[in-house]
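Counted the way our numbering counts, the sequence shown spans residues 10 to 370.
Glycine included, C-beta positions come from ideal geometry on N, C-alpha and C.
Bear in mind that the values here come from a model prediction, so they are computed numbers and not experimental data.
Have a look at the structure below, then the notes.
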Amino acid sequence: MMINAQHDLADIVLNSIGFPLLVIDTQNQVIEANTSAEAFFQSGRKTLLDQSIDDLFPSSSPVNTMIDKARITAANVNDQGIDISSNLLGNRLINLHISPLVERSGLVAILIQERALAERLRGQEQFRGSSRRMSSFAALLAHEIKTPLSAIRGAAELITRANTDSKQNQLANLIVSESDRVTELVNRMETLAAGNTINRKSINIHEIIDHCIDLAEQSFGNGFTFEKLYDPSLPDTFGDKELLIQALINLLKNACEASDINDKITVKTVYNLGSRLTISAADSDHLSMLGVVVINHGDGIPDAIKTRLFDPFVTAKPDGTGLGLALVASIVTDHGGSVNVSDDDGKTMFQINLPITRGMS
């Protein structure tokens, strides 16, 4: 019983490591692999246990040399930016950390960190910081707007009471209604800034995307072609429908503004196995997430703003406010999710990741 309990505990610890981990024997045969390794190599544990290092990594990689060095020196061996591109793995660049297990002669642990993932993790810190700055800005802006707005509305009401001119009353009523609309928006900003619990319900993400594309086609997206690439097997997510619509509309508008008229905007959904790696420790119970990817083929993101993309007022558009992506950052963070951005080969991709499980903060 004690041995079984220890084995179960070892499995729990192994699988809690958020990066692919292999343990090999003296013949460089895989004798243990965690769930992240299964996802990385797209193979089940039983299949991996039948493989040698030579089966998993291309012969051109320095993996074998690093393993030999770790055994000889009985010390950790690390290297970065290793190209392990192959038919099996696709185009991949990794950081590799190899450690001899000193209490088990000849056994070696191999920890893999994708370079793209490492960059995404750093990007998430930038993204979350931008979200916090957006919240502070929203609270300040709400306070500064509501006081004069209340006075403007009051003055417009006085005009309607004291004036019999129907045209002037019509204009005054317009001021009142627009003041109420802005007040509602400001109240929403205050809610976001305060970090209040959002109204989460079970949501079919494809229905939300369809709705957003319909809205886009009737307004800013008129003339563009919207391509839908959906994964029909995706389960529902739990979130605030109105807020997610707002976030997706902003991403679609951003994609259209970055593209030429008649260009194609692609929206696809994906299932992210093991994407707990991209979220904060507080959200680490989300073992899987669904992703919504918005792709455009415009001019890309200027280097000058790449590191501040989600900050308020940061924009490359002459007439832009720089609030759209900041608002996306705030909304997605409130849902316990993350945003990934990539910009290469004439293709810019924004990906929203949303938890599938319900245990959100």
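1. Taking just the CA atoms, how far does Y239 sit from E216?
2. Going by other Cβ atoms of all chains shown within 10 Å of its Cβ, with 16 needed for buried, is G230 buried or exposed?
3. Quickly, what does DSSP pair A42 with across the bridge? List them, please.
4. Can you give the Cα-Cα distance for K277 and V302, rounded to whole angstroms?
5. For N259, count neighbouring C-beta atoms within 10 Å of its own C-beta (all shown protein chains included) and say buried if the count is 16 or more, exposed if not.
6. Excluding sequence positions up to five away, which residues of its chain have a Cβ less than 7 Å from the Cβ of L243?
7. In chain order, what residues of the same chain have a beta carbon less than 6 Å from the beta carbon of N87, not counting five sequence neighbours either side?
8. Using only the alpha-carbon positions, how far apart do A335 and I207 sit?
9. Could you have a look at S159 and say whether DSSP puts it in helix, strand or coil?
10. Helix, strand or coil: how does DSSP classify D174 here?
11. Write down every uninterrupted run of the beta strand (DSSP E) in the region 52-112 whose length is 3 residues or greater and which is fully enclosed by it, in chain order.
12. Taking the beta strand (DSSP E) that A118 belongs to, which residues open and close that run?
13. Do the region 75-86 and the region 39-57 make contact, defined as three or more Cβ pairs closer than 8 Å?
14. Cα separation between S69 and N305?
15. Sort out for me which residues DSSP pairs Q360 with in a bridge.
16. Rank A338, N43, S211 by C-alpha distance to the C-alpha of N349 and give the top, closest one.
17. Could you tell me if P311 is buried or exposed, where buried requires 16 or more neighbouring beta carbons within 10 angstroms of its beta carbon?
Here's the rundown:
1. Rounded to whole angstroms, E216 and Y239 show a C-alpha spacing of 11 Å.
2. It counts as buried.
3. DSSP lists L31 as the bridge partner or partners of A42.
4. Per the coordinates, the alpha-carbon of K277 lies some 5 Å from the alpha-carbon of V302.
5. With 16 or more Cβ atoms within 10 Å of its Cβ, N259 is classed as buried.
6. Answer for L243: I214, T278, Y280, L299, listed in chain order.
7. In the same chain as N87, and ignoring 5 residues on each side of it, the C-beta atoms closer than 6 Å to its own belong to H106, in chain order.
8. It is roughly 18 Å from the alpha-carbon of A335 to the alpha-carbon of I207.
9. The answer is helix: DSSP assigns S159 an H, G or I state.
10. The DSSP-derived three-state label of D174 is coil.
11. Correct list: 86-92, 102-109.
12. A118 -> beta strand (DSSP E) spans 117-123.
13. As far as the Cβ criterion goes, the region 75-86 does not touch the region 39-57, which means the pair count is below three.
14. It is roughly 35 Å from the alpha-carbon of S69 to the alpha-carbon of N305.
15. In DSSP, Q360 forms a bridge with V302, N349.
16. Checking every option, the nearest Cα to that of N349 belongs to A338.
17. Label assigned to P311: exposed.
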